[in-house]
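Going left to right, the sequence shown walks through residues 44 to 374 as our numbering numbers them. Quick reminder that beta carbons are idealized off the backbone N, C-alpha and C, glycines included. Only a predicted model underlies this, so the values are computations on that prediction, with no experimental measurement involved. Taking it in order: structure first as C-alpha cells, then the write-up.
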Amino acid sequence: MLNSKKEVFLNFFKGKNLLITTHDLADLDGFNSGIALKYCFENYFPNQNIQLTFSGLSKHTKSFINKFSTKFPNFNFNYQEHVELSDIDVIVIVDSNNLNQVKLFNNIDLDIPFIFIDHHLNLQKNYPGNVSSLNLIFDNYSSTSEMVSELFDDCNIKLPLPYKYLLVSAILTDSGFLKYGNTGTIKNLNSILQDHLEIQDVLPLLEREIDISEKIARIKALQRVKLIRINNWLIGISHLSSFSASAASILTKVGFDIGIIVSEDKSDYRITSRAKKQVCLITGLHLGKIISEIDNVNGGGHDGAATLTGKNDVEESLNQLIDKIKETLIN
Ligand SMILES: [Mn+2]
Numbered sequence: 044m045l046n047s048k049k050e051v052f053l054n055f056f057k058g059k060n061l062l063i064t065t066h067d068l069a070d071l072d073g074f075n076s077g078i079a080l081k082y083c084f085e086n087y088f089p090n091q092n093i094q095l096t097f098s099g100l101s102k103h104t105k106s107f108i109n110k111f112s113t114k115f116p117n118f119n120f121n122y123q124e125h126v127e128l129s130d131i132d133v134i135v136i137v138d139s140n141n142l143n144q145v146k147l148f149n150n151i152d153l154d155i156p157f158i159f160i161d162h163h164l165n166l167q168k169n170y171p172g173n174v175s176s177l178n179l180i181f182d183n184y185s186s187t188s189e190m191v192s193e194l195f196d197d198c199n200i201k202l203p204l205p206y207k208y209l210l211v212s213a214i215l216t217d218s219g220f221l222k223y224g225n226t227g228t229i230k231n232l233n234s235i236l237q238d239h240l241e242i243q244d245v246l247p248l249l250e251r252e253i254d255i256s257e258k259i260a261r262i263k264a265l266q267r268v269k270l271i272r273i274n275n276w277l278i279g280i281s282h283l284s285s286f287s288a289s290a291a292s293i294l295t296k297v298g299f300d301i302g303i304i305v306s307e308d309k310s311d312y313r314i315t316s317r318a319k320k321q322v323c324l325i326t327g328l329h330l331g332k333i334i335s336e337i338d339n340v341n342g343g344g345h346d347g348a349a350t351l352t353g354k355n356d357v358e359e360s361l362n363q364l365i366d367k368i369k370e371t372l373i374n
C-alpha cells in the first residue's frame, strides 16, 4: 500500500523541520507509533530537526510506559510537552484524521501544512492546511503502528528491540489481540518479531488491572441497560459518566451484538458504540460511517467501534444513531 506513495511522501519531508503528534490523550497506538515514527525519521533524515509532542496520555498508555521502563530502563521516550511552533515546517498527525481530536489545532489557526498517517475511516474533511495528496489513510490496517512498521521497511531502517516491543504492543492492543486483525496484520507482526522477540514476552506489558471504579461503572452499565431487538440482533443502550468504552465492549460480551453508552456532562455529551465483528460482516454495519453521517456532531471510527461527541441534543443524536443501525440491520 505504501509503495506507490512512499517516494513522494518521504521526499516531501526532506530538509524540513518536522513535528509529529497524535490525538488528545494518546492511546497506545497513537503514542507508540509516534515514538517509532520519530526514530524512523531521525535515521532516514539525519541532521534534520524532528520533534514529537503529546497532549496528555491515556491511563492505559501511562501504565504501559511504567512496565516498559522497568524492562528497558535506559530507553528515552524523547518527546516534548511544549513545542515552539514557529520552528516547524510540517506536522505529521498519527492515528487520527479528525482535527477536533488534535489539541494543537484547537482554538488557533495554524498555517503549518500537515499530513495524516492513520487507519481510521477517512473523514475526507478537506482541511485547508492538509497536504491531502500525501495522507496515508488506510482503514484496512488494524493500527497506525502497523503502517509505521511498513515505513521502517520502506526506509530500510532496522527496528531495535525496544521499538519492536512498542510496535507489537500497539498492534496487539488496537487489533483486539488480532480479533480485528487480518492476514496483513499477522504478516506485519511476523516481520517485526522474526526470531528476535517472543510474542509471549510482550503480553505482560499489556496486562491491564481494572480498578474498582471501572468495575463499578461496568456493573452500573449492566444494571441500567435497555434492550432493543431487531430480528435476531440485540442492541444494548446504557448510560454512564465515565469508562464508556470499557462498558460498551462489556455489553457486547454479555450477549448484545451492539453496545451503546451515552455519557453526558452538562451540555456536552458523548456516545460510544461497539459492535461484534459478526454483525459487521453479516449486515455490512459500519459504526464509524454511520456516526460520521449524524448531524451536528463530531465523531468517527471503525466498523465495530466508533464514538461521537456533541452539544445540547443528545436525544436527537442517539435516535439518529439507533435509526441508522436499525436500517442496516433490517436490510
Ligand atoms: Mn489506532
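Going by alpha carbons, who is nearest to residue i out of the options?
i	options	result
I334	G279, E359, D72 and T96	E359
R415	H282, N355 and I242	Outside the displayed span of the chain (44 to 374) sits residue 415, for which this structure offers no information.
L330	K110, K263, K367 and I180	K367
L351	L328, S316 and K296	S316
K168	D217, G342 and L240	G342
I293	E257, D196 and W276	E257
A264	S306, K354 and P171	S306
P205	Y223, F120 and S176	F120
V137	G224, N178 and T216	N178
N275	V322, K230, I314 and K309	V322
T64	A318, N141, F220 and R313	N141
D182	I271, Y170, V357 and I160	I160
V191	I78, E250, Y312 and I373	I78
N355	G344, L372, T326 and I314	I314
S289	I337, Y312, L324 and A349	A349
F88	L53, T113, K309 and S106	L53
A213	H239, Y184, E124 and Q237	Y184
Under a three-way DSSP split, which group does residue i fall into?
i	result
L95	strand
E307	strand
G279	strand
S285	coil
G58	coil
I155	coil
I365	helix
R251	coil
L246	helix
I293	helix
D30	Only positions 44 to 374 of the chain appear in the structure, and residue 30 is not among them; the question remains open.
Q266	helix
D72	helix
S186	coil
S47	helix
I259	helix
D300	coil
Y82	helix
D338	coil
L194	helix
L240	coil
N143	helix
I373	helix
S101	coil
L179	strand
N149	coil
I314	strand
N169	coil
I108	helix
I'd like the span of the alpha helix (DSSP H) that includes residue i, first residue to last.
i	result
F391	The requested residue 391 does not occur in the structure, where the chain is confined to residues 44 to 374.
I271	Where I271 is concerned, there is no enclosing alpha helix (DSSP H), although the beta strand (DSSP E) it sits in stretches over K269 to I273.
I325	K320 to T326
G16	Nothing about residue 16 can be read from this structure; the chain reaches only from 44 to 374.
K230	T226 to L236
I459	Examination of residue 459 is not possible in this model, given that the chain is present from 44 through 374 alone.
State the CB to CB distance for the pair residue i and residue j, rounded to an integer number of angstroms; the pair is presumed to be in contact (CB under 8 Å).
i	j	result
T104	Y122	T104 to Y122, Cβ: 12 Å. No contact.
L62	Q94	5 Å
T228	S218	5 Å
D346	S186	Wrong, their Cβ atoms sit about 15 Å apart, outside the cutoff.
S76	S188	4 Å
K369	K222	K369 to K222, Cβ: 25 Å. No contact.
L248	F111	6 Å
G172	D154	7 Å
Considering just the uninterrupted stretch of the beta strand (DSSP E) at residue i, what are its terminal residues?
i	result
N341	N341 to G344
L351	A348 to K354
I136	V133 to V137
If you measure from the CB of residue i, is any heavy atom of ligand 2 nearer than 6 Å?
i	result
D138	This structure does not include ligand 2; its bound ligands are ligand 1.
Please confirm if the stretch 297 to 310 is in contact with the stretch 124 to 143, defined as three or more CB-CB distances below 8 Å between the two stretches. no
Stretch pair the stretch 88 to 100 + the stretch 59 to 68: three plus CB contacts closer than 8 Å: yes
Please determine if the stretch 164 to 172 and the stretch 195 to 206 are in contact, where contact requires at least 3 C-beta pairs separated by less than 8 Å. no
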